[in-house]
Amino acid sequence: MDYQEQINIKKIKKEKTNINKKQNNYTFEISRKRINNRILLNNILKKVFSLSTVFALLVLGLLFYRIAIDAKGWIDLQFLTSNLSIFAEKAGIKGAIIGTVWLMLIVAPITMSIGVITAIYLEEYAEKNKLSAFLKVNISNLAGVPSVIFGLLGLTVFGRLMNLGSSILAGGLTMSLLVLPIIVVSSQEALKSVPSYMKEASYALGADKWTTIRKVVLPVALPGILTGSILSLSRAIGETAPLVVLGIPTLIMKYPTSAMDNFTALPIQIYYWTLDAVLTREYANLAAATIVVLLAILFLMNSIAIIIRNKFQKRY
Amino acid sequence: MEDKTNVRSLIQKNAGQRNHINEKVVPKIFLIIASISILTTIGIIFTLIFDASKFFSAVPLREVFSTDLNPLSKDPSFGILPLINGTIITSLIAMVVAAPIGLTAAMYLSEFATDRARKVLKPIMELLAGIPTIVYGFFAYSFVTPLLMKVIPGLGAKNVISPGIVMGIMIIPLVASLSEDAMSSVPDAMREGALGLGSTKLEVTLKVVVPAAISGIMASFVLAISRAIGETMIVAIASGSSKNFTFDLTKSMQTMTAYIVEFTSGDAGSGTVGYYSLYAVGLLLFIFTLGMNLLAQYITHKYREEY
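If you read the sequences in order, they're chains A and U.
Just so you know, the first sequence maps onto residues 1212 to 1527 in this note's numbering.
Just so you know, the second sequence maps onto residues 54 to 360 in this note's numbering.
So this is what it looks like as structure tokens:
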């Protein structure tokens, strides 16, 4: 009896554990399936996410390819060195190139001096008061103002009030204000990266603040400042809307010889040729060829900026 | 002994003088130059309000908020709604393209990509951001529109879909880089916590990182909308100058920015109502974009979670 009972109990126990095992197996199956599904979803979406980055790459390639195809056979020495013409085959962009160079000759010194000085003031001199906080907010908001609005400002203040019309000077001053916030912010970053121990060492040797800024901070921050400046100038070169609003004409038969002359610039040329492509198909090719020239200039400037950054910028 | 005291007094004298001139004058001069940026803002606001007020005094408000825009006819009318409509529609199309692609690209770059992939992909994004908008305009008009014409029957040579899409492509890098900044500032401890509990990377991204970085992501969207509203050359080239009030995406529409560009490059004589209408549209545009930018700043400050 005793023995029998023991066996019975063992049997029952065995059955119970068997059921448990089955159940365990069952739940284990389910959770394994779920884990597999989760991992599968993870892998699929990872691919999908990477596709959207690849999409950007594809578009970039497509854009370059399209423009290269359109411009093929149109860029030659004649195109770069001849004047505008109503005949597409004879048209060139010498005037636009000269205009863009003139524009940069005005924009570069103005924005770099004002921008760097503003950055020095904000980083080195400004106390933490309402004025400097306002300056900072103002600059970041100015960076978000659409470029057309700067065009309207230039049209009113430089074009009409100062009577500069659509001269190089009017365009240059407008562009200077437009890229000023960018130069200020990038110069601020460069100044911030100067380690404080360098300044402290300078103070400890008896230098005053201005001497320290001139002889310690600026030389160290110079590569960063230059990089930022070149990048914002390349923004100014490609900017079109403010110039269109200023009323920069396209048909300039005379090359500008002074800052007060009328001028045309590369992006303006692209704009009008694209618009005129409806009438004459060849104008689209001219626009594409001008785009290639513009992109080549931008590429060159960006490369210089990167070289300066890599060669001269030290991390402290 | 005599020499020494002389030198010391000399130093003191010199130091005093130098401090006097440089330390007092330089900051003041710099402050004056730094305030040029404030002057610019004041200049913008003043010119816009001054000339826009002339417009509003010449045109009754009922006409301003009508759908009838015809500034160049003999009996001109200046309803602003078609422009607002065009602006909103192109910006919406742009966001439909840029928000999902930009955000998923940011997720990939921040959470999934290897360092090597990131090193290649990020400069490409920057390259995309550095291309002048006029080039995108040309691309939209001479490539995307003809391509879409094959897919969508009845699409006009000037329409809002093509510039909308291209504008979206243009702002993908903005959304991606700002969202990625927000995501990569989420501390690793939170990721590791979720991974340790058995989450997959996807779950970590969607359920931990994105919620933690949501303020930065929202801010990037708002800034992207602001950029789309203010974008000029793409729409000026590819969406045409039809001033009709319509919701038909295959038709040409004009945005506020394109209106300003079209009208100034035409012959709007100074002093006419048409000329002042530029400033009224400009003022509205300025308010829109400034509002968006301030909203973005508000979101980042208000909802930022500090770790």
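Glycine included, every Cβ here is placed at the ideal spot set by N, Cα and C.
- Scanning its chain for C-beta atoms nearer than 8 Å, with the 5 sequence neighbours on each side dropped, one finds around SER295 of chain U the residues LYS211, LYS304, SER305, MET306 and GLN307, in chain order.
- A check of alpha carbon separations from PRO185 of chain U across A:LEU1506, A:LYS1522 and A:ARG1520 identifies A:LEU1506 as the nearest.
- When C-alpha distances from ALA311 of chain U are compared across A:TYR1482, A:VAL1265 and A:ILE1502, the shortest belongs to A:TYR1482.
- In the displayed model, SER1378 of chain A falls within a strand according to three-state DSSP.
- Contact annotation: ALA272 of chain U and VAL261 of chain U have beta-carbon atoms that are not nearer than 9 Å.
- ASP1281 of chain A sits buried, since 16 or more C-beta atoms from the chains shown fall within 10 Å of its C-beta.
- Residue-level contact by beta carbon fails for PRO264 of chain U and chain A, as no gap is shorter than 9 Å.
- In this chain, the alpha helix (DSSP H) harbouring PHE1510 of chain A covers 1493-1523.
- Residues of the region 300-333 of chain U with a C-beta less than 8 Å from any C-beta of chain A: THR310, ILE313, VAL314, THR317, SER318, SER323, LEU331 and TYR332, listed in chain order.
- DSSP places LEU174 of chain U in the uninterrupted alpha helix (DSSP H) bounded by 168-183.
- Assignment of ASN138 of chain U by DSSP, reduced to helix, strand and coil, places it in the helix class.
- Counted as a single uninterrupted DSSP element, the alpha helix (DSSP H) harbouring PRO1320 of chain A occupies residues 1305-1331.
- The beta carbon of VAL261 of chain U sits no closer than 9 Å to any beta carbon of chain A.
- The Cβ of PHE1474 of chain A sits no closer than 9 Å to any Cβ of chain U.
- Collapsing the DSSP output to three states places LEU1437 of chain A in a helix.
- Only buried fits SER163 of chain U, as 16 or more other CB atoms lie within 10 angstroms of its CB.
- CA-to-CA, the gap between ILE1321 of chain A and LEU1388 of chain A works out to about 9 Å.
- Residue contact with chain U for PRO1392 of chain A: present (Cβ-Cβ distance below 9 Å to some residue of chain U).
- Note on ASP104 of chain U: 16 or more other CB atoms within 10 angstroms of its CB, so buried under the neighbour-count rule.
- The Cβ of MET148 of chain U sits no closer than 9 Å to any Cβ of chain A.
- Within the same chain, Cβ atoms closer than 7 Å to the Cβ of ALA151 of chain U are found at GLY221, ILE224, ILE225, VAL228 and ALA277, the five residues on either side in sequence being excluded.
- Of all residues in the region 1478-1501 of chain A, those with a C-beta nearer than 8 Å to a C-beta of chain U are PRO1478, ILE1481, TYR1482, THR1485, LEU1486, ALA1488, VAL1489, ALA1495, ALA1498 and ALA1499, reading in chain order.
- Annotated as distal: ILE1436 of chain A and ALA1337 of chain A, with beta-carbon spacing of 9 Å or more.
- Taking the beta carbon of VAL288 of chain U as reference, no residue of chain A falls within 9 Å; the closest one sits roughly 10 Å away.
- Against PHE1239 of chain A, chain U offers no close residue; the least beta-carbon distance is about 15 Å (beta-carbon pairs closer than 9 Å).
- Scanning the region 280-333 of chain U from its first residue to its last, the whole alpha helix (DSSP H) runs of 4-plus residues come out as 286-291 and 309-318.
- Under the Cβ criterion of 9 Å, ARG1249 of chain A is counted among the residues facing chain U.
- Rounded to whole angstroms, the Cβ separation of GLY327 of chain U and PRO113 of chain U is 16 Å, and the two are not in contact under 8 Å.
- By the CB criterion at 9 Å, LEU180 of chain U and LEU1271 of chain A fall inside the cutoff.
- Within chain A, no C-beta atom comes less than 7 Å from the C-beta of ASP168 of chain U; the nearest is roughly 14 Å away.
- With three or more CB-CB distances shorter than 8 Å, the region 1434-1452 of chain A counts as touching the region 1505-1519 of chain A.
- Listed by position along chain U, the residues whose Cβ is nearer than 9 Å to that of ILE1325 of chain A are ILE86, ALA87, ILE89 and SER90.
- Just so you know, the alpha carbons of PHE1369 of chain A and PHE1361 of chain A end up roughly 11 Å apart.
- With fewer than 16 other Cβ atoms inside 10 Å of its own Cβ, GLY207 of chain U counts as exposed.
- In this chain, the alpha helix (DSSP H) harbouring GLY190 of chain U covers 186-192.
- A Cβ of chain U is located within less than 9 Å of the beta carbon of THR1367 of chain A.
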